[in-house]
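Novice:
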Amino acid sequence: MASTKTIEFDDIQGLVTRGFGSLTAASYLLINIIDPQKARPWLRDLVAQVTYADLRPDEQALNLAVTHHGLAQLDIEQAILDSFSDEFRSGMITPHKRHILGDEGENAPEHWLWGGPATPQIDLLLLCYAKDANTLVELENSLSASMSSNGLKLIEKLDTEMLVDNKEHFGFRDSIGQPYIDEFNRQKPKQPDPVPLGEFLLGYPNGYDRYTQRPLIKAEQDPLKLLNECAENSAYHDLGYNGTYLVFRHLFQDVPGFWRTLKDLAETRQRADENDLFDHKQEEAIRLASKMVGRWPSGTALVQSPNKDDPNAPDKDAFTYHATDQDGMKCPLGAHIRRTNPRDSLKPEPGSDKSMAFTNRHRILRRGRAYGKPFDPSMNPEHFLEDLNKEPAPISRGLHFICLNANIGRQFEFVQHTWANNPNFNGLYQDPDPIIGSRSLNGSQEDQFTIQKFPCRDQLNNLPSFIKTRGGAYFFLPSRRALSYLFA
Amino acid sequence: MKQLMKRIQDLLKELHPLPQNALILRMPVIEANEGELRKVLATINQDPADNAIFPFSVFSNIHFARFLLLEGPVLDGRKQSETYATTLIFIANIDGSKTDFIDELVKHVSQGLDQVLSACHGYPLKSKRTRASRKSFISEHIIPSQTDYVNTIGRSASMIRQESELRDALKLFLNGIKPDSFRSATALRDEVIKFVSSNPEISWALASRAQPSFLWRSIENIRFAGITALGMLILLWAWPILAVWVLALRMRESRDSEDTHRPPLERLNQLRSTEDIAAHNPFAAVGYVKSGWLRHTTTQTLLVAAQGVLRHVFNKGNLAGIPVLGLDGVDTIHFAHWIMLDDGQRLLFTSNYDGSLESYMVDFIDKVAWGLNLIFSNGEGYPLTRWIVHDGAKKEQNFKDYLGNHQIENQVWFTAYPRLTAVNIANNEAIHDGLYGHMTEAQARAWLKRL
Numbered sequence: 184m185a186s187t188k189t190i191e192f193d194d195i196q197g198l199v200t201r202g203f204g205s206l207t208a209a210s211y212l213l214i215n216i217i218d219p220q221k222a223r224p225w226l227r228d229l230v231a232q233v234t235y236a237d238l239r240p241d242e243q244a245l246n247l248a249v250t251h252h253g254l255a256q257l258d259i260e261q262a263i264l265d266s267f268s269d270e271f272r273s274g275m276i277t278p279h280k281r282h283i284l285g286d287e288g289e290n291a292p293e294h295w296l297w298g299g300p301a302t303p304q305i306d307l308l309l310l311c312y313a314k315d316a317n318t319l320v321e322l323e324n325s326l327s328a329s330m331s332s333n334g335l336k337l338i339e340k341l342d343t344e345m346l347v348d349n350k351e352h353f354g355f356r357d358s359i360g361q362p363y364i365d366e367f368n369r370q371k372p373k374q375p376d377p378v379p380l381g382e383f384l385l386g387y388p389n390g391y392d393r394y395t396q397r398p399l400i401k402a403e404q405d406p407l408k409l410l411n412e413c414a415e416n417s418a419y420h421d422l423g424y425n426g427t428y429l430v431f432r433h434l435f436q437d438v439p440g441f442w443r444t445l446k447d448l449a450e451t452r453q454r455a456d457e458n459d460l461f462d463h464k465q466e467e468a469i470r471l472a473s474k475m476v477g478r479w480p481s482g483t484a485l486v487q488s489p490n491k492d493d494p495n496a497p498d499k500d501a502f503t504y505h506a507t508d509q510d511g512m513k514c515p516l517g518a519h520i521r522r523t524n525p526r527d528s529l530k531p532e533p534g535s536d537k538s539m540a541f542t543n544r545h546r547i548l549r550r551g552r553a554y555g556k557p558f559d560p561s562m563n564p565e566h567f568l569e570d571l572n573k574e575p576a577p578i579s580r581g582l583h584f585i586c587l588n589a590n591i592g593r594q595f596e597f598v599q600h601t602w603a604n605n606p607n608f609n610g611l612y613q614d615p616d617p618i619i620g621s622r623s624l625n626g627s628q629e630d631q632f633t634i635q636k637f638p639c640r641d642q643l644n645n646l647p648s649f650i651k652t653r654g655g656a657y658f659f660l661p662s663r664r665a666l667s668y669l670f671a
Numbered sequence: 007m008k009q010l011m012k013r014i015q016d017l018l019k020e021l022h023p024l025p026q027n028a029l030i031l032r033m034p035v036i037e038a039n040e041g042e043l044r045k046v047l048a049t050i051n052q053d054p055a056d057n058a059i060f061p062f063s064v065f066s067n068i069h070f071a072r073f074l075l076l077e078g079p080v081l082d083g084r085k086q087s088e089t090y091a092t093t094l095i096f097i098a099n100i101d102g103s104k105t106d107f108i109d110e111l112v113k114h115v116s117q118g119l120d121q122v123l124s125a126c127h128g129y130p131l132k133s134k135r136t137r138a139s140r141k142s143f144i145s146e147h148i149i150p151s152q153t154d155y156v157n158t159i160g161r162s163a164s165m166i167r168q169e170s171e172l173r174d175a176l177k178l179f180l181n182g183i184k185p186d187s188f189r190s191a192t193a194l195r196d197e198v199i200k201f202v203s204s205n206p207e208i209s210w211a212l213a214s215r216a217q218p219s220f221l222w223r224s225i226e227n228i229r230f231a232g233i234t235a236l237g238m239l240i241l242l243w244a245w246p247i248l249a250v251w252v253l254a255l256r257m258r259e260s261r262d263s264e265d266t267h268r269p270p271l272e273r274l275n276q277l278r279s280t281e282d283i284a285a286h287n288p289f290a291a292v293g294y295v296k297s298g299w300l301r302h303t304t305t306q307t308l309l310v311a312a313q314g315v316l317r318h319v320f321n322k323g324n325l326a327g328i329p330v331l332g333l334d335g336v337d338t339i340h341f342a343h344w345i346m347l348d349d350g351q352r353l354l355f356t357s358n359y360d361g362s363l364e365s366y367m368v369d370f371i372d373k374v375a376w377g378l379n380l381i382f383s384n385g386e387g388y389p390l391t392r393w394i395v396h397d398g399a400k401k402e403q404n405f406k407d408y409l410g411n412h413q414i415e416n417q418v419w420f421t422a423y424p425r426l427t428a429v430n431i432a433n434n435e436a437i438h439d440g441l442y443g444h445m446t447e448a449q450a451r452a453w454l455k456r457l
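Going line by line, the protein sequences match chains H and Z.
Start counting the first sequence at 184; every next residue gets the next number (our numbering).
Start counting the second sequence at 7; every next residue gets the next number (our numbering).
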């Protein structure tokens with residue numbers, strides 16, 4: 184396997200190795216290419232402005248991704264367009280993708296703000312990051328000012344919001360269980376069970392110790408030798424090398440709706456138990472919500488602290504399921520984090536390296552950010568619950584979910600479909616992911632959540648949906664070399 | 007001689023029938039009728055259970071059923087015994103015998119049979135359509151499968167549905183009580199049993215399940231012992247031949263060629279558009295067997311051997327799992343068939359599996375690649391293997407592309423229990439089994455976890 188020394192970080196876009204967390208202001212520009220002739224020189228200039236992984240910027244950063252339609256718009260040869268992955272070529276809104284991703288009914292692309300059939304075509308995505316709001320505005324302006332004269336049209340600017348304590352809008356700490364990639368770890372001691380680099384970057388061995396399907400072009404189509412040779416066959420040059428696919432999902436979160444449901448559930452439970460005089464509605468609502476997530480609001484995993492939140496857990500990612508919680512008594516079998524990253528809990532041979540390796544072939548690198556004002560600036564669910572009716576109309580807030588993966592079908596789509604949306608996940612019957620899972624499937628309601636306990640499970644029924652898809656697309660995040668080649 | 011052997015085989019099968027069987031038909035389609043047939047099948051597929059033409063839900067003993075249109079074989083210099091154009095394949099996984107099921111078919115859906123099968127050569131003319139003539143047409147078009155996989159031998163479709171109702175009733179019961187007030191698992195279990203016995207709709211569950219007779223099991227065991235002994239004898243006596251055989255295959259496989267082209271995206275999207283409409287999916291793929299005597303004989307022999315192993319070893323929900331050898335099984339397949347077509351020139355594989363195609367392929371690659379390689383490496387274009395079991399399906403992208411090139415669409419697919427996975431079904435069975443007999447506190451705890 185390639186060692187750190189041979190990896191050319193200055194060829195890889197920065198987002199692959201970091202989320203630019205210190206650059207607290209960020210926005211995403213969705214762009215349509217109107218005139219490819221005019222756009223090319225502008226885009227070529229941009230290649231030099233893009234932030235690559237060799238630098239740790241403290242002022243601002245810029246990354247650039249492109250859709251399949253965008254590549255076609257740039258008049259890239261058909262054979263090259265066809266050499267990309269099936270998922271990237273098909274896009275996110277084919278009938279089958281809608282079905283497996285849960286984008287039906289209210290979530291259907293027809294209602295999307297962007298990326299749907301009724302909205303303008305998205306060709307490019309500019310990811311802008313800056314140390315503060317002013318710097319971000321300057322960066323945005325410098326980009327958008329010259330767009331229209333260069334054959335480009337800004338379709339949408341998506342703003343983001345950094346919430347207190349790295350929380351997402353429901354009030355839980357986010358971004359904890361990221362896949363560990365040895366090659367990106369330059370100082371800290373090595374961790375166990377690294378995910379192979381090829382799962383997140385094309386052109387490196389993946390979880391099967393093979394190369395993931397990627398765009399290869401005949402050597403003669405690259406006379407200037409802008410690209411690297413393909414590692415397997417020198418007759419080809421590797422357009423995918425050091426690049427990856429970027430999945431973007433614009434997800435609205437109904438924060439008051441989420442906590443109202445949990446408050447109601449907590450109340451019903453309390454009424455059912457008349458002997459219980461102690462008023463712990465709030466506590467119970469937060470406990471049930473944590474059961475759904477698999478973590479407490481502080482981010483501490485239920486497996487680490489099953490009975491109450493323990494904000495001081497030193498490493499909130501240091502746990503497995505099988506040895507300590509095989510039956511889900513601590514963290515329910517269908518909880519959000521147990522399905523989106525089952526660690527060592529699934530077959531084959533739960534608790535073994537095999538099980539971990541299996542999970543590691545279905546991981547994603549999350550790089551998204553929240554958007555919209557928080558329901559309460561404290562981001563503390565206890566404060567949320569104090570007055571759930573303070574907003575007269577629903578406020579636009581949620582998550583700009585962004586993830587990176589080399590194989591969209593085996594990674595992002597698999598996690599969303601086979602793990603999150605699948606009501607039969609892990610031996611369950613009608614339990615989708617309680618946070619992000621689709622509530623109806625093939626015409627039947629699938630809206631249970633089961634909490635394993637002694638002597639017998641507890642079950643929440645008729646869970647409404649707390650999330651709505653508002654946009655999305657599959658992008659390619661090329662390497663520096665690939666950008667130069669594509670815009671040449 | 008061949009006929010006599012077949013008669014004896016049929017007679018033996020009648021004397022010692024398997025509880026589940028598959029009716030597999032292959033019928034040549036009249037070219038001029040194919041368009042109309044496709045329309046009829048599409049209409050049926052809009053609601054396979056309750057459509058007006060061929061409502062599968064009238065048969066309580068069907069697990070899965072499908073119609074698929076199979077093209078070819080392509081001539082291409084291959085040996086040809088009969089000329090086929092498109093043929094219509096019908097596969098039904100049923101409880102009970104094929105003959106009884108054919109009786110039921112002509113009795114309950116005779117008009118549907120007429121609408122579909124009249125598109126095929128040799129179907130009785132309108133004036134001559136009787137139960138008997140329809141029956142004989144169907145019987146004449148039965149084709150054998152070489153190997154069948156049944157998730158759990160003896161588990162009937164009606165039992166699956168009943169046990170699912172039982173679980174639903176227990177679910178509602180538990181949602182309505184306060185389990186926390188029970189001091190022990192056994193006390194709660196007693197309460198559950200009390201509820202079942204007081205509820206006439208599910209009190210049947212207190213009786214233990216019908217088991218195959220002692221005689222049937224004994225014959226099965228004797229059969230297994232016989233096959234094992236035969237296998238051992240072959241290994242002991244013919245190992246030099248087997249060794250030479252393996253070497254010959256090893257030499258051949260290094261010279262074989264593999265498919266390297268990606269399946270067209272339109273084809274894949276067309277296939278995907280009919281998938282993921284239930285907890286499980288139907289799979290069908292067809293391909294040519296590599297030419298030559300060696301490959302043909304290998305395929306036939308392995309299929310026979312696989313049949314013995316699947317029937318006697320992997321018959322309880324875990325396909326190809328051998329913990330001693332560190333081999334992981336697959337618990338997501340309900341039924342599967344390996345069917346040789348066109349004088350052994352082609353192999354049709356069909357299955358009903360839980361989850362998405364992506365997860366099915368992942369199971370193949372991660373868990374049972376060796377088993378797949380054994381059989382499918384005899385197929386043209388299959389990803390190259392080493393020593394028959396290595397590589398092959400392990401080459402993720404080549405394997406996925408190979409499947410994409412060989413998968414075919416099912417025009418009609420019916421499932422009797424669309425929301426249940428094989429794991430759910432096994433769990434429901436264990437819930438049922440836990441309703442009778444004594445349990446310790448630990449056993450009762452484990453049982454309650456299933457509810």
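C-beta: ideal position from N, C-alpha, C; glycine also.
Could you compute how far the alpha carbon of D306 (chain H) sits from the alpha carbon of T601 (chain H)?
Specialist: Spanning the two alpha carbons is a distance of roughly 29 Å.
Novice: In the DSSP assignment, the beta strand (DSSP E) including T446 (chain Z) goes from what residue to what residue?
Specialist: From DSSP, T446 (chain Z) is part of no beta strand (DSSP E); its letter is neither H nor E.
Novice: If S662 (chain H) and Y424 (chain H) are in contact, beta carbons under 8 Å, what's the gap, nearest whole angstrom?
Specialist: Yes, they are in contact, since the Cβ atoms of S662 (chain H) and Y424 (chain H) sit about 6 Å apart, within 8 Å.
Novice: Can you list, in chain order, the residues of its chain with a C-beta nearer than 6 Å to that of T187 (chain H)? Leave out the 5 residues immediately preceding and following it.
Specialist: Reliability of the predicted coordinates at T187 (chain H) is poor, the pLDDT of 44 falling under 50, and no value is obtained from them.
Novice: Closest Cβ-Cβ distance between E281 (chain Z) and chain H: below 8 Å?
Specialist: By this cut-off, E281 (chain Z) is an interface position.
Novice: Three-state secondary structure (DSSP) at L429 (chain H)?
Specialist: Reduced to three states, the DSSP call for L429 (chain H) is strand.
Novice: Taking 6 Å as the limit between beta carbons, can you name the residues of its chain near L347 (chain Z), skipping five residues before and five after?
Specialist: Closer than 6 Å at Cβ, skipping near neighbours: L354.
Novice: Can you check whether the C-beta of F461 (chain H) is within less than 8 Å of a C-beta belonging to chain Z?
Specialist: Below a pLDDT of 50, predicted positions are generally treated as unreliable, and F461 (chain H), at 45, falls in that range; the measurement from the model is reported next regardless. False, the Cβ-Cβ gap to chain Z never drops below 8 Å.
Novice: Excluding the 5 residues preceding and the 5 following R281 (chain H) in the sequence, name in chain order all residues of the same chain whose CB lies nearer than 7 Å to its CB.
Specialist: These residues qualify, in order along the chain: E287, A291, P292.
Novice: Taking D269 (chain H) as the query, report the chain Z residues whose CB atoms sit under 9 Å from its CB, ordered along the chain.
Specialist: Simply R268, P269, L271, L274, N275, G410.
Novice: Quick check: is the beta carbon of S667 (chain H) nearer than 8 Å to any beta carbon in chain Z?
Specialist: No, its Cβ sits nowhere closer than 8 Å to a Cβ of chain Z.
Novice: Can R195 (chain Z) and V292 (chain Z) be called in contact, C-beta distance under 8 Å?
Specialist: Not closer than 8 Å, so no.
Novice: Can you have a look at F632 (chain H) and say buried or exposed, based on whether 16 or more other CB atoms are within 10 angstroms of its CB?
Specialist: It is buried - the Cβ of F632 (chain H) has at least 16 other Cβ atoms within 10 Å.
Novice: Do L429 (chain H) and I619 (chain H) have their beta-carbon atoms positioned less than 8 Å apart in this structure?
Specialist: Cβ atoms of I619 (chain H) and L429 (chain H): not closer than 8 Å.
Novice: Can you pull the chain H neighbours of E364 (chain Z), defined as C-beta to C-beta under 8 Å?
Specialist: Near E364 (chain Z) (Cβ distances below 8 Å), the residues of chain H are G592, R593, E596, F597, H600, T601.
Novice: Counting Cβ pairs closer than 8 Å, one from the region 441-449 of chain H and one from the region 635-642 of chain H, do we hit at least three?
Specialist: Output reads no: the region 635-642 of chain H does not touch the region 441-449 of chain H.
Novice: Under 8 Å between C-beta atoms, does Q351 (chain Z) make it to chain H?
Specialist: Chain H contact via Cβ: absent.
Novice: Could you tell me whether the Cβ atoms of V80 (chain Z) and H114 (chain Z) are closer together than 8 Å?
Specialist: Result no, Cβ atoms of V80 (chain Z) and H114 (chain Z) do not sit closer than 8 Å.
Novice: Quick one: is S329 (chain H) buried, meaning 16 or more other Cβ sit within 10 Å of its Cβ, or exposed?
Specialist: Exposed, because fewer than 16 other Cβ atoms sit within 10 Å of the Cβ of S329 (chain H).
Novice: Which one of Z:E146, Z:W393, Z:H340, Z:W376 has the shortest CA to CA distance from G128 (chain Z)?
Specialist: Per the Cα distances, Z:E146.
Novice: Report back the beta-carbon spacing between S358 (chain H) and N349 (chain H) to the nearest angstrom; my notes put them in contact at under 8 Å.
Specialist: 6 Å between Cβ atoms; contact.
Novice: In whole angstroms, what is the alpha-carbon distance linking Q403 (chain Z) and Q396 (chain H)?
Specialist: Approximately 7 Å between the Cα atoms of the pair.
Novice: Just verifying my parser: in three-state terms, what is the DSSP assignment at Q168 (chain Z)?
Specialist: Helix, per DSSP.
Novice: Please name the residue or residues paired with C413 (chain H) in a DSSP beta bridge.
Specialist: None, per the DSSP bridge assignment.
Novice: A5 (chain Z) and N625 (chain H) look like a contact to me (Cβ under 8 Å); what is the Cβ gap, rounded to whole Å?
Specialist: Chain Z is shown only over 7 to 457; residue 5 (chain Z) falls outside these bounds and no answer can be derived.
Novice: In angstroms, rounded to a whole number, what distance separates the CA positions of L308 (chain Z) and A55 (chain Z)?
Specialist: If you take the alpha carbons of L308 (chain Z) and A55 (chain Z), they lie about 36 Å apart.
Novice: Does the Cβ of F143 (chain Z) have 16 or more other Cβ atoms within 10 Å, making it buried, or fewer, making it exposed?
Specialist: Buried.
Novice: Check for me: the beta strand (DSSP E) holding G581 (chain H) runs from which residue to which?
Specialist: Counting along the chain, the beta strand (DSSP E) containing G581 (chain H) begins and ends at 581-588.
Novice: Restricting to Cα atoms, I'd like to know which of H:S205, H:T507, H:W297, H:A262 is closest to I276 (chain H).
Specialist: Of H:S205, H:T507, H:W297, H:A262, the residue nearest in Cα terms is H:W297.
Novice: Alpha helix (DSSP H) containing G314 (chain Z): first to last residue?
Specialist: 299-318 is the extent of the alpha helix (DSSP H) around G314 (chain Z).
Novice: Can you find the residues in the same chain that come closer than 7 Å, C-beta to C-beta, to R223 (chain Z), ignoring five residues on each side of it along the sequence?
Specialist: So the list is empty, once near-sequence residues are dropped.
Novice: According to DSSP, is L257 (chain H) part of a helix, a strand, or is it coil?
Specialist: If DSSP states are grouped into helix, strand and coil, L257 (chain H) belongs with coil.
Novice: Less than 8 Å between the beta carbons of L384 (chain H) and V233 (chain H), yes or no?
Specialist: Not a contact, by the Cβ cut-off of 8 Å.
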